[in-house]
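Under the working numbering, read the sequence shown as residues -3 to 212, first letter to last.
Where is the CB? At the ideal position from N, CA and C, for every residue including glycine.
Below you'll find the structure, written out as structure tokens, and then a few comments.
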Amino acid sequence: MTLQVFNAFSLKVIMTILMVVDHIGQFFPNTPEYFRWIGRLVAPVFFFLATESYIHTSNKVKYIKRLYVSSLIMFVGSIILWIFFRDDSFIPNNIFFTLAVNLSLIYIREEKGNNSNNIIMYIALILLAFIAEGSFIATILFMLFHYLKHEKKNMSIVFIIVSLLFFPSIQWMQVFSLPFILMYNGKRGPNIKKFFYIFYPAHIWILFLLSQFITT
């Protein structure tokens, strides 16, 4: 029997800390390689929690729209920084877009039926998912977490197999996020969702700015 000790809030706090470590490794050269290893645990947990929020939200459309708006704000902010600093590479991070697109796929499949317009939209979203942060890996995990949420054993087996397929790339290390997902107790915990909507882009931009001043 799995010890279910984490609510959604505690998982978000833990993964947020690990995410910051990962992004320090992303933006600052010569940081220990294990900073990026640690970060492989983060995305699967946030994807899992997004599917949980999707199930329990009172307004699925409003939730998805909020993610799209957040992704647009982050995209514009990152563009401004990129133009201002004339950096060689654009800031690729935008988890909001990944969440929005993949939840849209689930929504259209479950709520809108299979008419021709929805099929075209579904295909378009799949293409967008491939260029979003996380690419097809994210889409696989979203579908896995959503449709096998009540089959923990099968979900775990598929998740482990999918993760190990990426060996020797460090992406296989996402397998170590599985215990955190299995220890989720189904409770939300303190509701401070606005903090995470603000913190995610803020910490990316701050780390980018610091890296520009420190490494130049």
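Look up residue i in the DSSP assignment and give the residues it is bridged to.
i    : result
Phe2 : Tyr180
Are the CB atoms of residue i and residue j nearer to each other than 7 Å?
i      : j      : result
Met289 : Val41  : Because the chain spans -3 through 212 in this model, residue 289 falls outside it and cannot be assessed.
Phe223 : Ser207 : Residue coverage of the chain in this structure runs from -3 to 212, which leaves residue 223 outside it and unanswerable.
Tyr193 : Ser66  : yes
Val17  : Phe31  : yes
Thr135 : Asn98  : yes
Asn150 : Gln0   : no
Arg36  : Met169 : yes
Met70  : Phe43  : no
Asn114 : Ile102 : no
Leu137 : His19  : no
Ile156 : Val171 : yes
On the criterion of 16 or more Cβ atoms from any shown chain inside 10 Å, does residue i qualify as buried, or is it exposed?
i      : result
Thr94  : buried
Gly21  : buried
Pro88  : exposed
His52  : exposed
Ala120 : exposed
Val75  : It should be noted that the sequence gives Ile, not Val, for residue 75. Its Cβ having fewer than 16 others within 10 Å, Ile75 is exposed.
Phe163 : exposed
Ser85  : exposed
Ile60  : buried
Leu45  : buried
Phe224 : With the chain covering only -3 through 212, there is no way to say anything about residue 224.
Ala198 : exposed
Leu160 : exposed
Asn140 : The displayed chain sequence assigns Leu, not Asn, to residue 140. Label assigned to Leu140: buried.
Ile116 : exposed
State the CB to CB distance for the pair residue i and residue j, rounded to an integer number of angstroms; the pair is presumed to be in contact (CB under 8 Å).
i      : j      : result
Thr47  : His146 : The Cβ separation is near 12 Å, so there is no contact.
Trp33  : Ile133 : With 8 Å as the limit, Trp33 and Ile133 do not qualify as a contact, their Cβ atoms being about 16 Å apart.
Lys56  : Tyr64  : No, Lys56 and Tyr64 are not in contact; Cβ-Cβ is about 13 Å, not under 8 Å.
Leu144 : Val158 : At roughly 12 Å, the Cβ-Cβ gap does not stay under 8 Å, so Leu144 and Val158 are not in contact.
Phe5   : Pro186 : 5 Å
Leu124 : Ser152 : Not quite, the Cβ-Cβ distance comes to about 29 Å (not below 8 Å), so this is no contact.
Phe195 : Thr12  : 7 Å
Arg68  : Trp201 : Here the sequence assigns Leu to residue 68, which means Arg is not the residue at that position. 15 Å between Cβ atoms; not a contact.
Exercise. Taking only runs of the alpha helix (DSSP H) that begin and end inside the region 88 to 154, which ones reach a length of at least 4 residues, in chain order?
Worked result: 91 to 103, 112 to 127, 131 to 143
For this session: Starting from the N-terminal side, write out each stretch of the beta strand (DSSP E) that is 3 residues or longer and does not extend beyond the region 32 to 84.
Result: none
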